[in-house]
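The structure appears right after this line, and notes come after that.
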Amino acid sequence: MQSFTTSLSPGVFETLVDTRTHLEIAGLTKRFGNFTALQSIDLSIEEGEFVCFLGPSGCGKTTLLRAIAGLALQSEGRIVQRGQDISALPPQDRDFGIVFQSYALFPNLTVFNNVAYGLRNRREDRHRVRERVEELLALVDLSGSEGKYPAALSGGQQQRVAVARALATEPALLLLDEPLSALDARVRVHLRGQIKALQHRLGVTTIMVTHDQEEALTMADRIVVMNQGVIEQVGTPAEIYHHPASAFVAEFIGQMNFLDVKADDEAAVHLGRRRLENIPHTCAAGESARISIRPESVELTHDTSGMSARVEDVEFLGPFLRVSLTLQDDGQGLMADVPVRDAQSLALVAGQRVGVHLPGDALRVYPCREASR
Ligand SMILES: Nc1ncnc2c1ncn2[C@@H]1O[C@H](COP(=O)(O)OP(=O)(O)OP(=O)(O)O)[C@@H](O)[C@H]1O
Ligand SMILES: [Mg+2]
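Take the UniProt record's numbering: the last position of the sequence shown gets the number 373, and nothing is skipped along the way.
Next up, the structure:
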């Protein structure tokens, strides 16, 4: 097992003497006829990183993954892997293992033969193939399933076989296209942990496509948020969550309130007739803008002398209450997540009036020209 693990991660040693960059994508554009699926993508992925491509359906995640694999040739741009320009190489000459969204195991082959497939193509000797398959199946916790056919396995087990198969030839890069999306919620959460642990152990650079923000936030070292063929933001889960670079990212990741405001010429905005100070922005005075704040950052108080709101609805969500509010000033809606502990003293019931505090450091301002994109 030990020697296997070591042999699967040659990158570790090269990294020390070579560069830290595994993949460099520059100016990558992909058109299908008149339709531009990817527009000037620039992205750099470090050696050993776990990166998630995250975005809504049709934003170009699979297309970008396929371009990296050479399964869809880019219209423009370059892809460099470990210093080698692979832009024009066919898939078989590129160094990756891939797991597709649909399990894509060969249904007529046993688990053993599925995993052995790539190794046999390389004409590895029989003894070595057997040894490697056993090791890989142990790695994904499926020892003993060698003789089974895919149809006799659960969805989660099939995906683990698919991961073992993708890793069989010791690729430097593992590409996963929504590997968990077809599975039920419990299995998905369990497999998340397993895949992440496996990736960490092998140190293999990994790109996983998902449209599930929770999956990306829990698994990725860095998230690439995509929208309509462009990258909106690249960052760690914490950066993406706490400092969304655009209104799109703010809205796509987690729960977010947006309130319409008018910018003032100083670091202030007008929310209805109320002036909120100490909110730096780049808008011109009088320009329409939106401010965003997460429900957990909204503070509710007894003091209704300042900004206040009417409680419309209270939803119990375990450790916290989600409170729907209407701002007294201008009738805009707002959601607040209140820890159960704090909620008790506030007597939150529909119709009740509560004070609202929007901490300046939790607010972000988006110009409407951007917010309406
Ligand atoms: N072969 C093709 N011919 C024409 N258009 C295509 C082709 N492949 C993809 N597209 C288009 O490119 C866009 C991006 O597709 P892609 O499959 O990359 O999206 P995605 O982000 O993976 O979405 P999903 O989450 O639904 O899988 C879509 O509008 C799609 O219709
Ligand atoms: Mg896709």
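A virtual CB, placed ideally from N, CA and C, is assigned to each residue, including glycine.
Fair warning: this is a prediction, and the values are worked out from it, not measured in the lab.
Item to check | Integer Cβ distance of arginine 294 from methionine 256, believed to fall under 8 Å | outcome: Here residue 294 is taken as the residue at index 294 of the sequence shown, counted from 1. Here residue 256 is taken as the residue at index 256 of the sequence shown, counted from 1. At roughly 6 Å, the Cβ-Cβ gap stays under 8 Å, so arginine 294 and methionine 256 are in contact.
Checklist entry - Under 7 Å from any heavy atom of ligand 2, does the C-beta of lysine 30 make it? => result Residue 30 sits at position 30 when you count from the first residue of the sequence shown. No; taking the cut-off as 7 Å, the Cβ of lysine 30 has no heavy atom of ligand 2 nearer than that.
Checklist entry - For the candidate residues Lys148, His211, Ala343, whose alpha-carbon lies nearest to that of phenylalanine 320? => result Looking up residue 320 in the sequence shown gives position 320. When each option's Cα is compared against that of phenylalanine 320, the closest is Ala343.
Checklist entry - Leaving out the 5 sequence neighbours to the left and right, which residues in its chain are closer than 6 Å to phenylalanine 106 when beta-carbon positions are compared? => result As a working mapping, residue 106 is identified with position 106 in the sequence shown. Contacts found: Asn114.
Checklist entry - Considering only residues of the stretch 11–95, which uninterrupted alpha helix (DSSP H) runs meet the minimum length of 4 residues and lie entirely inside it, listed in chain order? => result Taken in chain order, the unbroken stretches of alpha helix (DSSP H) that lie wholly in the stretch 11–95 and span 4 residues or more are 11–17, 61–69.
Item to check | Span of the alpha helix (DSSP H) around glycine 193 | outcome: For the purposes of this step, residue 193 is identified with residue 193 of the sequence shown, where counting begins at 1. In the DSSP annotation of this structure, the continuous segment of the alpha helix (DSSP H) that includes glycine 193 starts and ends at 185–202.
Next on the checklist: Tell me the residue span of the beta strand (DSSP E) that contains valine 99.
Outcome noted: Here the question's residue 99 lines up with position 99 in the sequence shown. Per DSSP, valine 99 belongs to the beta strand (DSSP E) from 97–99.
Checklist entry - Applying the criterion that 16 or more other CB atoms from any shown protein chain within 10 Å of the CB defines a buried residue, is alanine 164 buried or exposed? => result Walking along the sequence shown from the start, residue 164 turns up at place 164. Counting Cβ neighbours within 10 Å, alanine 164 comes out buried, since at least 16 surround it.
Checklist entry - Would leucine 64 pass as a contact of isoleucine 41 if the rule is Cβ separation under 8 Å? => result On the sequence shown, residue 64 is found 64 positions in, with the first residue counted as 1. On the sequence shown, residue 41 is found 41 positions in, with the first residue counted as 1. Contact check for leucine 64 against isoleucine 41 passes: the beta carbons are separated by less than 8 Å.
Checklist entry - Residues in its own chain within less than 6 Å of glutamine 213 by CB, not counting five upstream and five downstream? => result Mapped onto the sequence shown, residue 213 falls at position 213. So the qualifying residues of the chain are Ile253.
Next on the checklist: In whole angstroms, give me the CA-to-CA distance for phenylalanine 13 and glutamate 296.
Outcome noted: Taking the first residue of the sequence shown as position 1, residue 13 is located at position 13. Taking the first residue of the sequence shown as position 1, residue 296 is located at position 296. Because phenylalanine 13 sits at a pLDDT of 46, beneath the cut-off of 50, its placement in the model cannot be relied upon, and the following sentence gives the value as read from the coordinates. The C-alpha of glutamate 296 is placed about 44 Å away from the C-alpha of phenylalanine 13.
Item to check | Own chain partners of leucine 176 with C-beta closer than 6 Å, once the 5 adjacent residues on each side are dropped | outcome: Translated into positions along the sequence shown, residue 176 becomes position 176. Apart from the 5 residues on each side of it in sequence, leucine 176 sits with its Cβ closer than 6 Å to the Cβ of Val99, Met208 in its chain, given in chain order.
Item to check | Counterpart residues of arginine 222 in DSSP-defined beta bridges | outcome: One-based indexing of the sequence shown puts residue 222 at position 222. The partner list for arginine 222 (beta bridge, DSSP) reads Val51.
Checklist entry - Exposed or buried, alanine 336, counting other C-beta atoms within 10 Å across all chains shown (16 or more means buried)? => result Residue numbering aside, residue 336 sits at position 336 when the sequence shown is read from its first letter. The residue is buried, with at least 16 neighbouring Cβ atoms inside 10 Å.
Item to check | Contacts around arginine 353, its chain only, beta-carbon distance under 8 Å, and the 5 residues preceding and following it disregarded | outcome: Here the question's residue 353 lines up with position 353 in the sequence shown. Excluding residues within five positions, the ones whose Cβ falls inside 8 Å are Thr304, Ser308, Ala309, Arg310, Val311, Gln328.
Item to check | Nonlocal neighbours in the same chain, by C-beta distance under 6 Å from proline 179, ignoring five residues either side | outcome: The residue you call residue 179 lines up with position 179 of the sequence shown. Non-local beta-carbon contacts of proline 179 in its own chain, meaning distances under 6 Å to residues more than five positions away in sequence, involve Val99, Gln159 in chain order.
Item to check | Cutoff 6 Å; reference glycine 97; Cβ partners in own chain excluding five residues on either side | outcome: Locating residue 97 in the sequence shown gives position 97, counting from the first residue. Closer than 6 Å at the Cβ level, and outside the excluded window around glycine 97, lie Ala166, Leu167, Pro171, Leu174.
Checklist entry - Ordered along the chain, which non-local residues of its own chain (more than five positions away) have a Cβ less than 7 Å from that of aspartate 85? => result Translated into the one-based positions of the sequence shown, residue 85 becomes position 85. Contacts found: Arg78.
Checklist entry - In three-state terms, what does DSSP make of glutamine 157? => result Counting from 1 along the sequence shown, the entry for residue 157 is found at position 157. Glutamine 157: helix per DSSP, three-state reduction.
Checklist entry - How close, in whole Å, do the beta carbons of glycine 144 and leucine 191 come, if the pair is a contact with beta carbons under 8 Å? => result For this step, residue 144 is matched to residue 144 along the sequence shown. For this step, residue 191 is matched to residue 191 along the sequence shown. Contact between glycine 144 and leucine 191 is ruled out by a C-beta separation of about 19 Å, above the 8 Å threshold.
Next on the checklist: I'd like to confirm something about aspartate 177: is its beta-carbon nearer than 7 Å to some heavy atom of ligand 4, or not?
Outcome noted: Ligands in the displayed structure: ligand 1 and ligand 2; ligand 4 is not one of them.
Item to check | residue 457, buried or exposed, once every other Cβ within 10 Å from all chains shown has been counted against 16 | outcome: With the chain covering only 1 through 373, there is no way to say anything about residue 457.
Item to check | Heavy atom of ligand 2 within 7 Å of lysine 196 beta-carbon | outcome: As a working note, residue 196 is residue 196 in the sequence shown. Outside the cutoff, so no.
Next on the checklist: Does the distance between the C-beta of serine 57 and the nearest non-hydrogen atom of ligand 1 fall short of 7 Å?
Outcome noted: Position 57 of the sequence shown, counted from the first residue, corresponds to residue 57. Yes, ligand 1 has a heavy atom inside 7 Å of this Cβ.
Next on the checklist: So, at 8 Å on beta carbons, what are the nonlocal neighbours of lysine 262 in its own chain, with the 5 sequence-adjacent residues on each side left out?
Outcome noted: In the sequence shown, the residue the question calls residue 262 occupies position 262. Around lysine 262: Val269, His270, Gly286, Glu287, Ser288, Ala289.
Checklist entry - Using the beta-carbon count (16 or more within 10 Å), is proline 280 buried or exposed? => result Numbered from its first residue, the sequence shown carries residue 280 at position 280. Proline 280 sits exposed, since fewer than 16 C-beta atoms from the chains shown fall within 10 Å of its C-beta.
Next on the checklist: Here's a check: name, in chain order, each residue in its chain whose Cβ is nearer than 7 Å to the Cβ of residue 403, leaving out the five neighbours to either side.
Outcome noted: The displayed coordinates of the chain run from 1 to 373. Any statement about residue 403 would go beyond what the structure contains.
Next on the checklist: Based on DSSP bridge pairs, tell me the residues matched to proline 339.
Outcome noted: Here residue 339 corresponds to residue number 339 of the sequence shown, with the count starting at 1. According to DSSP, which records beta bridges pairwise, proline 339 is partnered with Phe320.
Next on the checklist: Using the Cβ count rule (16 or more neighbours within 10 Å means buried), how would you classify asparagine 121?
Outcome noted: As a first step, residue 121 is located in the sequence shown; it is residue number 121 there, counting from the start. Asparagine 121 is classed as exposed because its beta carbon has fewer than 16 other beta carbons within 10 Å across all chains shown.
Checklist entry - Going by the CB atoms, is the gap between valine 338 and leucine 348 shorter than 8 Å? => result Here residue 348 refers to the residue found at position 348 when the sequence shown is read from its first residue. Here residue 338 refers to the residue found at position 338 when the sequence shown is read from its first residue. Against a cut-off of 8 Å, the Cβ pair of valine 338 and leucine 348 comes out as a contact.
Checklist entry - Once you ignore the five residues that flank alanine 284 on each side, which residues in its own chain have a CB closer than 7 Å to its CB? => result Locating residue 284 in the sequence shown gives position 284, where the first residue counts as 1. Cβ neighbours of alanine 284 beyond the five flanking positions: Ala263.
Item to check | Proximity below 8 Å, CB of phenylalanine 50 to CB of threonine 169 | outcome: As a working note, residue 50 is residue 50 in the sequence shown. As a working note, residue 169 is residue 169 in the sequence shown. No. Outside cutoff.
Next on the checklist: Which residue marks the beginning of the alpha helix (DSSP H) containing asparagine 113, and which one marks its end?
Outcome noted: Along the sequence shown, read from residue 1 onward, the residue named residue 113 stands at position 113. Element bounds for asparagine 113: 111–121.
Next on the checklist: What would DSSP say about residue 394, mapped onto helix, strand or coil?
Outcome noted: This structure does not reach residue 394, given that the chain is present from 1 up to 373, and the question cannot be answered.
Next on the checklist: Assuming cysteine 52 and glycine 229 are in contact, meaning their beta carbons sit under 8 Å apart, how far apart are those beta carbons, in whole angstroms?
Outcome noted: Mapped onto the sequence shown, residue 52 falls at position 52. Mapped onto the sequence shown, residue 229 falls at position 229. Contact doesn't hold; Cβ gap of about 17 Å is too wide.
Checklist entry - Which residue from Val189, Tyr366, Ser345 puts its Cα closest to that of alanine 247? => result Residue 247 sits at position 247 when you count from the first residue of the sequence shown. Closest by alpha carbon: Tyr366.
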